[in-house]
Amino acid sequence: MSREELIDMARDALAYAEADTLRQAPGVGKIRASVYTDPERFDREKKQIFRRMPLMLAASCEIPSAGDYKTMEPVGVPVLIVRGKDGQARAFLNSCTHRGTNVALGEGNTSRFVCGYHGWTFNQKGELVGVASSSDFGDVDKDELCLQQFPILEKSGLIWVTLDPASTLDIDTFLSGYESLLDTFGFKDWYFFERRTLKGPNWKIAYDGYLDFYHLPVLHANTFGADTTNRGNFYAWGPHQRILAPSAAMPQPEDTNVVSMKDVPESEWSDDLLLAGVWTIFPHVSIASFYGGGRGVMVSQLFPGEKVGESYTVQTYLMEKEPSDEIKQQAHEQFSLLETVVADEDYATGIRQQKALDAGLTEWVYFGRNEEGGQEFHGWVEKLLNASDDDLNDIFAMKEAAE
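Take 127 as the starting number for the sequence shown in my numbering and just add one per residue.
Here is the structure:
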C-alpha cells in the first residue's frame, strides 16, 4: 500500500512536470510578524506544542543494541532514551528520584545507570535497584522511586517521545499514517554516521525554510545551483508533509546521465525516486536524501532555544550502509557541504530576518500560493496552541480520517 501511494505521488509529480506547473494553495496567506518575536507566545509554543506533541528524538540505529543509550534536553527537559535487554526502547526523565541529578550523560552503553551524586542505581527499565548505604539512608519503597517514564513509540526505524508522562495522546493517531510511508526508507537497518548541532533563529523561521523550495535557486545558487527548481508540491498526512518537486527526472546517484521516469516502467521506479524530496515530521523534523559516499539522509531535529529569537538544530547523517574507508571521505564532504548550506545560507539568512522582525516595524509576513507548506504548518501551530489536552486525539483522528 505504501509503495502504491508513493507511485501515485510520483505520477502526480510527472504530470505537473509535463504541464510545467505546480499545485497551488487557494490564495496568498499572511500571519502576524509577532508570531516570530513575542516572548509570551514563545513560552506557550514550548508548552502547548513541544511538551504535548510527540517529538522524533532518535533514529533506531542510534541505539541499536541492548544497553545503548543517548541523552538530550529538548525544551529544557532532560531525557534519557535506552534500549533494554528485551529490545524495547524506553524514555525517561533523566533525573534521579533522590535529589534530581542526571543519572546519565552523553551517550554510550551500560546495564545500569548510577547517579554521580549519591550513587543510586537504576536498571534499563528505569527501576531503582540500589540505594547507596541503604541502612544509613532509611527505608524507602523502591517501586515508588523508579525513573519517571515518558510515552514512547518506535516505528519505521524512528523513535517518538512525548515529554508529558501523563499524556493521553496516542502517538499512532498523531502520526496520521505517515509512518507507513517513512517505513519505506528502512531506517531500522541504516547506519548512524555523524551528528552536529547548529544555532539558528526562532524555530518557526528555521522550519519555514524546510517547507520552502521557492528560495532554492536564489539563496543556494552557489551550492545547489541557480538552475535548481523553485517549485514544490505538498502532500499532507495530518500535520506532517512531504515536499516534492514536479519533475520527470529519476535520481541516478551513481550516474550523471538523467533518466526520465517516462522511459522506465513503474514497476522499476527506484526507492530513490519514490522517496525523493523533503519529508517533514511536525513539529520539528526534516528528512532529506543525499548521495555523497552512498545513499544517505540528513535528519534535522529543530528545537526552540532559550529565547524567542533562538533555536538549535541537531543534524544527524544516516547512511543506508556503513561506508567503506575508500568512500568515507565522500560522506564527510557531503555532510560538510550540508553544514555550509544550512548554517551559512539558510540560518544566517534566518538570523538576519529575525533581527529585522525584532525591530517591530513589520506587521505581516506572507506565504504565496506556491508556499502551501508554510501556510499549512502555521495553521497547525495555531490550532494546537488553542486546543485542550482532551481534544488532541480527536483532532488528529479526524484529520487522519479525512486523508
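Think of the CB as a built atom: it goes at the ideal place given N, C-alpha and C, for glycine as much as any other residue.
Check	Outcome
Residues bridged to Trp-286 by DSSP?	Met-182 and Leu-279
For Cys-241, which option in Glu-497, Asn-249, Gln-250 and Cys-222 has the closest C-alpha, if you only look at C-alpha atoms?	Cys-222
Would you call the CB atoms of Asn-519 and Thr-288 closer than 9 Å?	no
In this structure, what does DSSP give as the bridge partners for Phe-248?	Phe-239 and Leu-254
Whole angstroms is fine: what's the gap from Lys-251's alpha carbon to Gly-210's?	7 Å
From the DSSP secondary-structure annotation, give me the bridge partner or partners of Val-229.	In DSSP, Val-229 forms no bridge with anything.
Using CA atoms only, rank isn't needed, just tell me which of Lys-281, Ile-175, Asp-169 and Ala-145 is closest to Gly-303.	Lys-281
Below 8 Å CB to CB, which residues in the same chain sit around Gly-486 once its five sequence neighbours on both sides are set aside?	Thr-163
Name the residue from Leu-444, His-244 and Pro-204 whose alpha carbon lies nearest to the alpha carbon of Tyr-317.	Leu-444
If you follow the beta strand (DSSP E) that Ile-413 is part of, which residue opens it and which one closes it?	411–416
In the structure shown, what three-state DSSP assignment does Ala-513 receive?	coil
Quickly, what does DSSP pair Gln-441 with across the bridge? List them, please.	Arg-322 and Ser-426
To the nearest angstrom, how far is the alpha carbon of Leu-511 from that of Gln-174?	6 Å
As a quick exercise: from Val-404, Ala-469, Arg-495 and Asp-309, pick the residue whose alpha carbon is nearest that of Ser-128.	Asp-309
Please work out which residues of its chain come closer than 8 Å, Cβ to Cβ, to Thr-187, disregarding the five sequence neighbours upstream and downstream, and give them in chain order.	Rather than Thr, the amino acid found at residue 187 in this sequence is Cys. Once the five neighbours on either side are set aside, the close Cβ partners of Cys-187 are Gly-283, Phe-313, Lys-314, Asp-315, Trp-316, Tyr-317, Phe-318 and Leu-444.
Using a 10 Å radius around the Cβ and a threshold of 16 neighbouring Cβ atoms, would you call Gln-275 buried or exposed?	exposed
Taking contact to mean 3 or more Cβ pairs, one atom from each stretch, closer than 8 Å, check whether the stretch 467–481 and the stretch 345–354 are in contact.	yes
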